[in-house]
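Participant: Please see the structure below; I have some questions.
Number of protein chains: 2
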Amino acid sequence: MERILIDETPKLIGQVVKLQGWVNIRRDHGKLIFIDLRDRSGKIQMVIIPDKEDAHRAAKEIRSEYIIEVEGLVKARPGGAKNEKIPTGGVEIEVERLDVISKPEVELPVDISVEELNLNLDTLLDNRTLVLRNEKVKAIFKIYAEMIGAYARIVKQEGFLEIKTPKILDSATEGGANFFKIKYFDKDAYLAQSPQFYKQAGVGIFERVFEVGSVFRAEPHYTTRHVNEYIGLDAEMGFIGGFEDVMAELEKVMAYVMVEVSRNCQNELEAYGAQIMPVEKIPRMKLTEALDILDKEYGKKMDEVDIDAEGERLICEWVKKNHNSDFVFLTHYPTNIRPFYSMPSPDPQYTETFDLLFMGVEIASGGQRIHNYGQLVASMKKHKLDPEEFRHYLDIFKYGIPPHGGWGLGSERIVQKILGLGSIKEAILFPRDVKRLTP
Amino acid sequence: MERILIDETPKLIGQVVKLQGWVNIRRDHGKLIFIDLRDRSGKIQMVIIPDKEDAHRAAKEIRSEYIIEVEGLVKARPGGAKNEKIPTGGVEIEVERLDVISKPEVELPVDISVEELNLNLDTLLDNRTLVLRNEKVKAIFKIYAEMIGAYARIVKQEGFLEIKTPKILDSATEGGANFFKIKYFDKDAYLAQSPQFYKQAGVGIFERVFEVGSVFRAEPHYTTRHVNEYIGLDAEMGFIGGFEDVMAELEKVMAYVMVEVSRNCQNELEAYGAQIMPVEKIPRMKLTEALDILDKEYGKKMDEVDIDAEGERLICEWVKKNHNSDFVFLTHYPTNIRPFYSMPSPDPQYTETFDLLFMGVEIASGGQRIHNYGQLVASMKKHKLDPEEFRHYLDIFKYGIPPHGGWGLGSERIVQKILGLGSIKEAILFPRDVKRLTP
């Protein structure tokens, strides 16, 4: 008999089927043994009656996380016994045969069969390979997969070509301090902290490019929204009229991603009580306007023209209240806090750049880039960078490149905020921070 | 007027349109100036007549790789003047206005307007940002993007969940010598040379997982098929009956990928004279049988039970001749040349593993993995590895995991072989080898 998946059972009432999966939990009611079985498609209740002697004997030994194979009859559950919370809640399996395929070798350090784990972050991360089996934790990564899949679909539809760019670089450009250093044969090399230069080269070749790839940041952060390795959703587009075109494109992308996640992950979102608001027009606001609001409405003053984590949280709160939007674009960041390649605004103190905030945190940075060779070299010098170190990057501009811009989106923060997770680390299978390199 | 893309022009005969793109080449015929313009969608011929004085004056200054904006009338080309080789060969643009958007600052080191570049590999790679603009070179990366997109589509359809796993590891496991070392804050760390352990953990959680991600190999190779950083197409699946199930799945995946690439990249394949044969049943052959054939048919003897690059090439030649297949699975590699986690065959000198060869080279390695904790620890010891160093990996097996297996596919080699490129480096935008860290 061929194994079937649990989510196929509701169509097979009255038939004997073969299932394989993990024991979520066993419960005994008198002589009846109940087992909740899970596989990649869902969860189902199974019952083992004493008459099926071999199966009953085998079932008595079963514990959580045993991996088993069963054959049994699919039966409709009577009305009162239905579990409305899961799609297979209307059926159960009356087990005829039960075999153990594999089993835990140790006492499980955490009980993952419960609906709500209620563990602290370190416990969640230290016992990662086990904790990730919990149904509610798994839901995070189904949403994550849907989200990055939807991102790739929409940008392709918009004419962006998927590219893969090197993560090992010969020099720590773009600033310097937050690069990890590698021993590369007889040379030193560095891990890419963004695909910025390569996606700009991509514009010179393909006009519109995107990349889903690893990003490495050697920043010693201890926050709920930073990790040292993450997946960036980057895109860059040529022939723009200005950075408004970049924001308009990103708005379209986020609208699509949110629709797709709500449509395709209903059960997973429900498990977190999360609701996704349709994205329409995302409000745009100059950074200086945002700082005025923070001052007037919240009595929060910044020492310079910049915004901190608290400011981002408060301005999102204000936008939600006043514009009913979970998103807001802050624009025109000052030149001194943006990278050298940022296109200056008509008032050259500011840049044609933006951050996209979502539910209290920055999830994307972007803007128009300088495309004129001479202007770029001048900007490097102003930022005290040596053009000679950037000669390969400068080749892009020597050969001519159209006006262009793009964004870098942090994939994990999006899922973190959609689900209201306390830390970004919960949205990463095996996160890396200053102290954590395992598991 | 809104810019349109070049591939929209055949539907717009008789209308004035606005185009933006790169000048591929300018040709003067008496007083007529012809310009081939390219954008992300294609290429089109434009003509500038002397009557349009401003445009004609501007066009005289134009050189290859100038980025321009034009307005002009879409006209049908008379029968004899049609270019059958491109989809827009039946139309041309009679230019009314021409403006330069951006232009090269230097003499171009290579002429990329030609159909065939005929450059040596170093020139191709040293001038990468320019060379990649050549139409035929660009075609490689359209095929590459289609290929990895098709891979993701088919494995998702087959129930694999997309995961992203860390590339920074705390220890150089799985062997040791071919890891790049990183300075990670106050610790040493290593770059992942495969997502092997994490995708096995993924089986314990999601049953079927796949990853498209960066792979780093510190091997000092100087060949046409090795680089030190590449994109791996990994997958791992639980509840297998044996490693035949893994091969069957990979066969299905390759068949789909090849169909999709042939269907969606016809022009790009044609530029290389490449034809993709439909994949049906891929022949399977024990490594020892392959070695017998090499001995008998080609007089090639190996010192041990292993195969080298020449052997892989010859056995593919033999399979092509005798079974008319571009693919072949070699199976049952000896235990001593496979990683410790490989499932031993009933004859424990051999393993339940395979390599998939395609047109002369290995493109994938895979097999069944050991899933029993005790057996795995014993295998580590036999391979002279310290189980204590693998304690996080071993947790996966302590908590129980089903029989499973999977593969790692090298994405760039597939495209290299489909197109008959001399080096894998031609199939990578910005390749990394022992000597090359730039551009």
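If you're matching them up, the sequences are chains E and Z in order.
Last residue of the first sequence: number 439 in the numbering used here, and the count goes up by one each step with no gaps.
Last residue of the second sequence: number 878 in the numbering used here, and the count goes up by one each step with no gaps.
By construction, the Cβ of each residue, glycine as well, lies at the ideal position given by its N, Cα and C atoms.
Please read these numbers as outputs of a predicted model, since none were measured by experiment.
Using 8 Å as the Cβ pair cut-off and three pairs as the minimum, do the stretch 762-773 of chain Z and the stretch 790-806 of chain Z touch?
Facilitator: yes
Participant: Run down chain E in chain order and give the residues with a C-beta less than 7 Å from the C-beta of Lys479(Z).
Facilitator: Position 40 of the second sequence holds residue 479(Z). Correcting the residue identity first, residue 479(Z) is Arg in this sequence and not Lys. Within 7 Å Cβ-Cβ: Gly159, Phe206, Glu207, Arg208.
Participant: What whole-angstrom Cβ distance do Arg369(E) and Gln200(E) have, given they're in contact under 8 Å?
Facilitator: For the purposes of this step, residue 369(E) is taken as residue 369 along the first sequence, with counting starting at 1. For the purposes of this step, residue 200(E) is taken as residue 200 along the first sequence, with counting starting at 1. Sure, about 6 Å apart at Cβ, within 8 Å.
Participant: Cutting at 6 Å between CB atoms, please list the residues of its own chain near Asn83(E), excluding the five before and the five after it.
Facilitator: Within the first sequence, numbered from 1, the residue matching residue 83(E) stands at position 83. Closer than 6 Å at the Cβ level, and outside the excluded window around Asn83(E), lie Gly89.
Participant: Is the stretch 830-847 of chain Z touching the stretch 127-144 of chain E in the sense that three or more CB pairs, one from each, lie closer than 8 Å?
Facilitator: yes
Participant: Let me check you understand the geometry: is the CB of Arg479(Z) closer than 7 Å to at least one non-hydrogen atom of the ligand PLP?
Facilitator: Of ligands this structure carries none, so the ligand PLP is not represented either.
Participant: Consult DSSP for Asp684(Z) and reduce its assignment to one of helix, strand or coil.
Facilitator: Position 245 of the second sequence holds residue 684(Z). Looking at Asp684(Z) - three-state DSSP - the assignment turns out to be helix.
Participant: Tell whether a beta-carbon distance below 8 Å holds between Gly204(E) and Ile163(E).
Facilitator: As a working note, residue 204(E) is residue 204 in the first sequence. As a working note, residue 163(E) is residue 163 in the first sequence. The answer is no: Cβ separation not under 8 Å.
Participant: What's the C-alpha gap between Arg424(E) and Leu125(E)?
Facilitator: One-based indexing of the first sequence puts residue 424(E) at position 424. One-based indexing of the first sequence puts residue 125(E) at position 125. A small fix is needed here, since residue 424(E) is Ile in this sequence, not Arg. Distance between the alpha carbons of Ile424(E) and Leu125(E): 12 Å.
Participant: Return the chain-ordered list of same chain residues with a C-beta closer than 8 Å to the C-beta of Ala55(E), the five sequence neighbours on each side being excluded.
Facilitator: The count along the first sequence starts at 1 and reaches residue 55(E) at position 55. Excluding residues within five positions, the ones whose Cβ falls inside 8 Å are Ile48, Val70, Val95, Glu96, Arg97, Leu98.
Participant: Any Cβ of chain E within less than 8 Å of the Cβ of Gly839(Z)?
Facilitator: The count along the second sequence starts at 1 and reaches residue 839(Z) at position 400. Yes, because at least one Cβ of chain E sits closer than 8 Å to the Cβ of Gly839(Z).
Participant: Kindly list, in the order they appear in chain E, the residues whose Cβ is closer than 9 Å to that of Val692(Z).
Facilitator: Position 253 of the second sequence, counted from the start, is the residue given in the question as residue 692(Z). Residues of chain E passing the Cβ test: none, with the nearest at roughly 17 Å.
Participant: Taking the alpha-carbon positions, what's the Phe439(Z) to Lys595(Z) distance?
Facilitator: Residue 439(Z) lies beyond the stretch modelled for chain Z, which goes from 440 to 878, so this question has no answer here.
Participant: Suppose the cutoff is 7 Å on Cβ atoms and the five residues either side in sequence are ignored; what does the same chain contact list for Gly420(E) look like?
Facilitator: Reading the first sequence from its first residue, position 420 is the one you call residue 420(E). Taken in chain order, the residues that qualify are Tyr272, Ala274.
Participant: If you measure from the beta carbon of Gly149(E) to each beta carbon in chain Z, is any gap under 8 Å?
Facilitator: Indexing the first sequence from 1 puts residue 149(E) at position 149. Closer than 8 Å: yes.
Participant: To the nearest angstrom, how far is the alpha carbon of Gly21(E) from that of Arg225(E)?
Facilitator: Counting from one through the first sequence, the residue named residue 21(E) turns up at place 21. Counting from one through the first sequence, the residue named residue 225(E) turns up at place 225. Approximately 35 Å, taken between the alpha carbons.
Participant: Going along the chain, which residues of the stretch 529-547 of chain Z sit with their C-beta nearer than 7 Å to a C-beta in chain E?
Facilitator: Under the 7 Å Cβ criterion, the stretch 529-547 of chain Z contributes Ile540, Ser541, Lys542, Pro543, Glu544, Val545, Leu547.
Participant: Could you give the uninterrupted runs of the alpha helix (DSSP H) lying entirely in the stretch 392-419 of chain E, keeping only those of 4 residues or more?
Facilitator: 411-419
Participant: Short of 7 Å in beta carbon distance, which residues of its chain neighbour Ala866(Z), apart from the five on each side in sequence? Order them along the chain.
Facilitator: Against the second sequence, residue 866(Z) aligns to sequence position 427. Taken in chain order, the residues that qualify are Ile579, Tyr583, Glu851, Val854, Gln855, Leu860.
Participant: Starting from Gln196(E), find everything on chain Z with Cβ-Cβ shorter than 8 Å and list it in chain order.
Facilitator: Along the first sequence, one-based indexing puts residue 196(E) at 196. Going along chain Z, no residue has its Cβ under 8 Å from Gln196(E), so there is no contact; the nearest lies around 13 Å.
Participant: With H, G and I counted as helix, E and B as strand and the rest as coil, what does DSSP make of Phe580(Z)?
Facilitator: Stepping through the second sequence from its first residue, residue 580(Z) is reached at position 141. Of the three classes helix, strand and coil, the one that applies to Phe580(Z) here is helix, per DSSP.
Participant: Glu601(Z) versus chain E: which residues are under 7 Å apart at the beta carbon?
Facilitator: Residue numbering aside, residue 601(Z) sits at position 162 when the second sequence is read from its first letter. Chain E residues near Glu601(Z): Ala145, Ile148, Gly149.
Participant: Buried or exposed: which applies to Phe185(E), given that a residue is buried once 16 or more other Cβ atoms fall within 10 Å of its Cβ?
Facilitator: The residue you call residue 185(E) lines up with position 185 of the first sequence. Classification for Phe185(E): exposed.
Participant: Using a Cβ-Cβ cut-off of less than 7 Å, give me the residues of the stretch 865-877 of chain Z that come near chain E, in sequence order.
Facilitator: Leu868, Phe869, Arg871, Val873, Leu876, Thr877
Participant: In whole angstroms, give me the CA-to-CA distance for Lys457(Z) and Val530(Z).
Facilitator: The count along the second sequence starts at 1 and reaches residue 457(Z) at position 18. The count along the second sequence starts at 1 and reaches residue 530(Z) at position 91. So the two alpha carbons sit approximately 15 Å from each other.
Participant: Within 10 angstroms of the Cβ of Asn557(Z), are there 16 or more other Cβ atoms? Answer buried if so, exposed if not.
Facilitator: Residue 557(Z) sits at position 118 when you count from the first residue of the second sequence. Result: exposed.
Participant: Which residues in the same chain as Tyr661(Z) place their Cβ atom closer than 8 Å to its Cβ, once the five residues preceding and following it in sequence are excluded?
Facilitator: Position 222 of the second sequence, counting from 1, holds the residue named residue 661(Z). Contacts found: Asp872, Val873.
Participant: Quick one: using the 10 Å Cβ neighbour count with 16 as the cut-off for buried, is Gly652(Z) buried or exposed?
Facilitator: The residue labelled residue 652(Z) in the question sits at position 213 within the second sequence. Its Cβ being crowded by 16 or more others within 10 Å, Gly652(Z) is buried.
Participant: Please report the straight-line C-alpha distance between Ser503(Z) and Gly469(Z), rounded to a whole angstrom.
Facilitator: The sequence position of residue 503(Z) within the second sequence is 64, counting from 1. The sequence position of residue 469(Z) within the second sequence is 30, counting from 1. The straight-line gap from Cα to Cα measures roughly 19 Å.
Participant: Excluding the 5 residues flanking Glu690(Z) on each side, which residues of the same chain have their C-beta closer than 6 Å to its C-beta?
Facilitator: Locating residue 690(Z) in the second sequence gives position 251, where the first residue counts as 1. Within the same chain, Glu690(Z) has close Cβ partners Ile721.
Participant: Using a Cβ cut-off of 8 Å, which residues of the stretch 351-372 of chain E contact any Cβ in chain Z, in chain order?
Facilitator: Against chain Z - using a Cβ distance shorter than 8 Å - the residues of the stretch 351-372 of chain E are His371, Asn372.
Participant: Please compile the residues from chain E whose C-beta is within a distance smaller than 9 Å of the C-beta of Ala640(Z).
Facilitator: Taking the second sequence and counting its residues from 1, the one referred to as residue 640(Z) is at position 201. Correct list: Arg128, Thr129, Leu132, Leu429, Phe430, Pro439.
Participant: Check whether the Cβ of Asp609(Z) lies closer than 8 Å to any Cβ atom in chain E.
Facilitator: For this step, residue 609(Z) is matched to residue 170 along the second sequence. At least one chain E Cβ lies under 8 Å of Asp609(Z).
Participant: At a CB-CB cut-off below 8 Å, which residues of chain Z make contact with Glu65(E)?
Facilitator: As a position in the first sequence, residue 65(E) is number 65, starting the count at 1. Residues of chain Z passing the Cβ test: Tyr838, Gly839.
Participant: What residue range does the alpha helix (DSSP H) around Val758(Z) cover?
Facilitator: Indexing the second sequence from 1 puts residue 758(Z) at position 319. Note, Val758(Z): alpha helix (DSSP H), 748-762.
Participant: Go ahead and pull the three-state DSSP assignment for Ile525(Z).
Facilitator: Stepping through the second sequence from its first residue, residue 525(Z) is reached at position 86. Three-state DSSP puts Ile525(Z) in coil, outside helix and strand.
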